[in-house]
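Student:
Numbering (full-length UniProt numbering), first residue to last: 1 to 307.
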């Protein structure tokens, strides 16, 4: 009997593994579905809470002045959106378009130059060794801890000494300094730019500037776009800095211009529709920037450039 038992191949013997896996799957399936349902439910609630102000703007922009206060906040009006847009763009000789263009200038140009400086600085902190490197980087990190509103008064005094108050430079120059961008650039440089690739470029005779421009900067494209998006959002929402530095309405960014319109709504209620429709238009560039640039965050094609 023992001989017959030993002659049976192992594969022919019954195994309880499939039954155990099936039992485990049946036990864990309801729990997994419940956890996914809870997570998805929380995400839906968070998305609804985040999009609710924007959806309210969209509903309110379709109403005239009477419907704005006589109907529900989340109900469409008589679809006066195009009429409201025309009124916003033509009011006071199209001053809103001037504000919108100023915001594009402050945000796009200022953020692009600031991001390039941050990427170059973070690259230098990562790839080069020099005296006092870590102490200097600690000083840069200390700048992250300082709130922007705290330094507005010193910046205003410096701008007064330099004679750039009430000019475009009053907002463009402070936007070039971004300590958090330098920190992110160093982190991206450590992960995306292998030192072996730079050494190979130097062996081939490339200078440091050419190595950075031709090799380091393309590899840092995801980090560049991420820092640019943060800088763009901060510049677009820079209300307090513009309020302190600017007096000429021709130089206002769109958020400060909308604030000035909103300040007179108590005396002139017809400005409510201008403020609401203008706010809806002002949100569009941020949405476009996030939708168009989010693919760069997930880009990791250059992370394995070393062979």
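Glycine residues also receive a C-beta, built at the ideal position from the N, C-alpha and C atoms. None of these values were measured; they are calculated from a predicted model.
1) Would you mind reading off the limits of the alpha helix (DSSP H) that contains residue 257?
2) So is residue 50 buried or exposed if we call it buried at 16+ other beta carbons inside 10 Å?
3) Would you mind working out which of 180, 200, 263 sits nearest residue 226, comparing C-alpha positions?
4) Going straight from the alpha carbon of residue 55 to that of residue 142, what length do you get?
5) For residue 126, count neighbouring Cβ atoms within 10 angstroms of its own Cβ and tell me buried if that reaches 16, exposed if not.
6) Please classify residue 92: is it buried, with 16 or more other beta-carbons within 10 angstroms of its beta-carbon, or exposed?
7) Need the endpoints of the alpha helix (DSSP H) that residue 121 sits in, please.
8) Look at the Cβ atom of residue 80, then the Cβ atom of residue 118, and state whether they are nearer than 8 Å.
9) Among the residues of its own chain, which have a CB less than 7 Å from the CB of residue 115, if the five just before and after it don't count?
10) If I follow the unbroken alpha helix (DSSP H) through residue 62, where does it start and stop?
11) Three-state secondary structure (DSSP) at residue 71?
12) Compute the Euclidean distance between the alpha carbons of residue 195 and residue 46, then round it to the nearest angstrom.
13) How about residue 165 and residue 245: are their beta carbons less than 8 Å apart?
14) Less than 8 Å between the beta carbons of residue 88 and residue 256, yes or no?
15) Comparing the CB of residue 282 with every heavy atom of the ligand GDP, is any distance shorter than 7 Å?
16) For the alpha helix (DSSP H) that residue 223 lies in, which residues bound it at each end?
17) Going straight from the alpha carbon of residue 208 to that of residue 202, what length do you get?
18) Is residue 168 helix, strand or coil by DSSP?
19) Using a threshold of 8 Å, state whether the C-beta atoms of residue 75 and residue 121 are closer than that.
20) Give me the Cα-Cα distance between residue 70 and residue 61, rounded to the nearest whole angstrom.
21) Can you give the Cα-Cα distance for residue 193 and residue 220, rounded to whole angstroms?
22) Does residue 275 come out as helix, strand or coil in the three-state DSSP assignment?
23) Pull up the distance between the alpha-carbon of residue 111 and that of residue 78, whole angstroms please.
24) Counting only the same chain and skipping the five closest in sequence on each side, list residues whose C-beta sits under 7 Å from that of residue 103.
25) Quick check: the Cα distance between residue 260 and residue 249, rounded to an integer number of angstroms?
26) Comparing alpha-carbon positions, which option in 85, 97, 158, 171 lies nearest residue 240?
27) Just to confirm before moving on: does the CB-CB distance between residue 251 and residue 282 stay below 8 Å?
28) By how many angstroms is the C-alpha of residue 277 removed from the C-alpha of residue 287?
29) Classify residue 84 as buried or exposed, calling it buried when 16 or more other Cβ atoms lie within 10 Å of its own Cβ.
30) Spatial neighbours of residue 156 within its chain, please: CB distance less than 8 Å, with the 5 preceding and 5 following residues excluded, ordered by chain position.
Tutor: On the basis of the supplied data:
1) 254-262
2) exposed
3) 180
4) Annotation: residue 55 to residue 142 spans about 38 Å, alpha carbon to alpha carbon.
5) Around the beta carbon of residue 126, 16 or more other beta carbons sit within 10 angstroms, so the residue counts as buried.
6) exposed
7) 110-127
8) no
9) 181, 224, 227, 228, 231
10) No alpha helix (DSSP H) contains residue 62, which DSSP labels as neither H nor E.
11) coil
12) Taking the straight line from one Cα to the other gives about 42 Å.
13) yes
14) no
15) The ligand content of the structure shown is nil, which means the ligand GDP is not present either.
16) 221-236
17) C-alpha of residue 208 to C-alpha of residue 202: approximately 8 Å in a straight line.
18) For residue 168, the three-state secondary structure derived from DSSP is coil.
19) no
20) 14 Å
21) 7 Å
22) In this structure, residue 275 counts as helix in the three-state DSSP scheme.
23) Roughly 39 Å separates the two Cα atoms.
24) 236, 253, 254
25) 9 Å
26) 171
27) Their beta carbons are not under 8 Å apart, which means residue 251 does not touch residue 282 by this criterion.
28) 16 Å
29) buried
30) 165, 244, 245
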